[in-house]
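Written out below as structure tokens is the structure these notes cover.
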Amino acid sequence: MNEHSAKNIDLNGEDLPTSPQKLFNILKSLNIQHKYCEHEAVYTVAESEAVDAKIPGTHCRNLFLRDKKKKNYLLVLPVDIDVDLKKLPEILGSNRLSFGSNDRLWEYLGVRSGSVCPFSIINDTDKNVQIFLEKSMMEQDVVNYHPMLNTMTISLKPNDLIKFIEHTEHEVHIVDLSNAQPEQPIKE
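In terms of the numbering used here, the sequence shown opens at residue 2 and continues consecutively.
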């Protein structure tokens, strides 16, 4: 693995609890092979389409959620799967869900909106966030995520993602979201 030119600050100029370089060092120590690509900052799935087209593998998105009891959830899924938030509580074993605020995201995962990734679970040292990985994503050969900043993407095997999460001492939850799809309109 080559040295990466990753920064230790986010795009707001704040120090990251875990820099991309520190993440790369952890991956190396765990013998997790990955490919790395720097690109312009992307904040939404739509903005990332041009970047994604240049990087092989399954591209993913991350939903940082909370329920009424203030429990936190990180749901990681392919970009092409839509979910109905009203159907997720039963699947995740929670009550009514909403998106976590930017402040909560920073407090628990140490990243900003647009840079949410499964690797940010390393910053949840008190185990306040449950992580859920979508089943079909975990059946792919290669998956792609931001490594703490949305100006880069790394590609790795799903089993290596699990290895990393287990290294953080979080329990891995694999979920089938086929029952959480939005209702499709009837086509005439």
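Note that CB positions come from ideal geometry on N, CA and C, so glycine has one too.
Beta strand (DSSP E) segment containing residue i, residue limits
{"i": "Glu135", "result": "Val130 to Glu135"}
{"i": "Arg67", "result": "Thr59 to Asp68"}
{"i": "Ser156", "result": "Met153 to Leu157"}
{"i": "Tyr44", "result": "Here Tyr44 belongs to no beta strand (DSSP E), and DSSP marks it neither H nor E."}
{"i": "Leu76", "result": "Asn73 to Pro79"}
{"i": "Asn96", "result": "No beta strand (DSSP E) contains Asn96, which DSSP labels as neither H nor E."}
{"i": "Asn145", "result": "Val144 to Tyr146"}
Span of the alpha helix (DSSP H) around residue i
{"i": "Ser179", "result": "Taken as a continuous stretch (DSSP letters only), Ser179 belongs to no alpha helix (DSSP H), as it is neither H nor E."}
{"i": "Pro21", "result": "Pro21 to Ser30"}
{"i": "Glu108", "result": "Asn103 to Leu110"}
Beta-carbon proximity check, residue i vs residue j, cutoff 7 Å
{"i": "Thr59", "j": "Val176", "result": "no"}
{"i": "Thr169", "j": "Ile122", "result": "yes"}
{"i": "Pro18", "j": "Asn124", "result": "yes"}
{"i": "Ile82", "j": "Leu162", "result": "no"}
{"i": "Asn129", "j": "Asn63", "result": "no"}
{"i": "Thr152", "j": "Ala54", "result": "no"}
{"i": "Leu76", "j": "Lys164", "result": "no"}
{"i": "Arg97", "j": "Lys71", "result": "no"}
{"i": "Asp85", "j": "Pro183", "result": "yes"}
{"i": "Leu157", "j": "Ser116", "result": "no"}
{"i": "Gly190", "j": "Arg67", "result": "With the chain represented from 2 up to 189, any question about residue 190 goes unanswered, as that position is not in the structure."}
Residue i versus residue j - alpha carbon distance
{"i": "Tyr146", "j": "His35", "result": "11 Å"}
{"i": "Trp107", "j": "Asn180", "result": "30 Å"}
{"i": "Pro119", "j": "Arg105", "result": "16 Å"}
{"i": "Ile27", "j": "Lys136", "result": "25 Å"}
{"i": "Met138", "j": "Asp16", "result": "31 Å"}
{"i": "Lys23", "j": "Pro148", "result": "10 Å"}
{"i": "Lys188", "j": "Lys29", "result": "With a pLDDT of 43 at Lys188, under the threshold of 50, the modelled position of that residue is not reliable, and the figure given next carries that caveat. In a straight line, the C-alpha of Lys188 is about 50 Å away from that of Lys29."}
{"i": "Ser49", "j": "Leu134", "result": "20 Å"}
{"i": "Ile56", "j": "Glu39", "result": "11 Å"}
{"i": "Asp142", "j": "Lys87", "result": "30 Å"}
{"i": "Glu91", "j": "Phe25", "result": "35 Å"}
{"i": "Ile33", "j": "Glu167", "result": "13 Å"}
Option in the options with minimal Cα separation from residue i
{"i": "Ile132", "options": "Met139, Glu172, Tyr37 and Ile56", "result": "Glu172"}
{"i": "Thr126", "options": "Leu76, Gly111 and Pro148", "result": "Gly111"}
{"i": "His174", "options": "Leu78, Lys29 and Tyr37", "result": "Leu78"}
{"i": "Ile155", "options": "Cys61, Glu50 and Tyr37", "result": "Tyr37"}
{"i": "Ala47", "options": "Val80, Ile33, Lys29 and Phe25", "result": "Val80"}
{"i": "Phe65", "options": "Leu150, Ala51 and Asn103", "result": "Asn103"}
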